[in-house]
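Chemist: Below you'll find the structure I mean.
Next up, the structure:
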């Protein structure tokens with residue numbers, strides 16, 4: 007589908023991002039990314055800090071860099087940086103047909 011769009015439109019480049027795989031990688035291999043906790047949210051209430059958003063009444067972790075999730079719904083800043091890094095520099099396993107750094111380099115060459 008993306009290749010078809012790129013062939014038809016020519017001047018524009020469409021890419022797909024496999025965000026499922028990006029997140030799957032750090033959840034299933036947390037040690038590779040410096041996480042020590044991918045099952046409990048850094049901030050929240052109830053089991054796994056998984057009930058509701060982070061509020062003044064919530065439990066809050068001491069080291070948010072060790073956690074993959076801020077609350078029940080949102081990744082931490084560190085997890086977001088990992089995903090953005092894949093958008094910018096990731097292989098075609100994550101970004102297809104190319105990452106955003108490659109697109110920016112191609113655009114710069116056209117100027």
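Numbering (our numbering), first residue to last: 7 to 117.
C-beta atoms are modelled at their ideal positions from N, C-alpha and C, and glycine is treated no differently.
This structure is a prediction, so every number in the text was calculated from the model and none was measured.
Can you look up residue 91 in the DSSP assignment and give me helix, strand or coil?
Modeler: Three-state DSSP puts residue 91 in a helix.
Chemist: Do you know how far the Cα of residue 44 is from the Cα of residue 69?
Modeler: Taking the straight line from one Cα to the other gives about 13 Å.
Chemist: Indicate the three-state DSSP secondary structure (helix, strand or coil) for residue 75 in the structure shown.
Modeler: Reduced to three states, the DSSP call for residue 75 is strand.
Chemist: Thinking just about the alpha-carbon of each residue, which of 85, 20, 64 is nearest to the one in residue 38?
Modeler: Closest option to residue 38, Cα to Cα, is 85.
Chemist: Taking all protein chains shown into account, do 16 or more other C-beta atoms lie within 10 angstroms of the C-beta of residue 100, making it buried, or fewer, making it exposed?
Modeler: It is buried - the Cβ of residue 100 has at least 16 other Cβ atoms within 10 Å.
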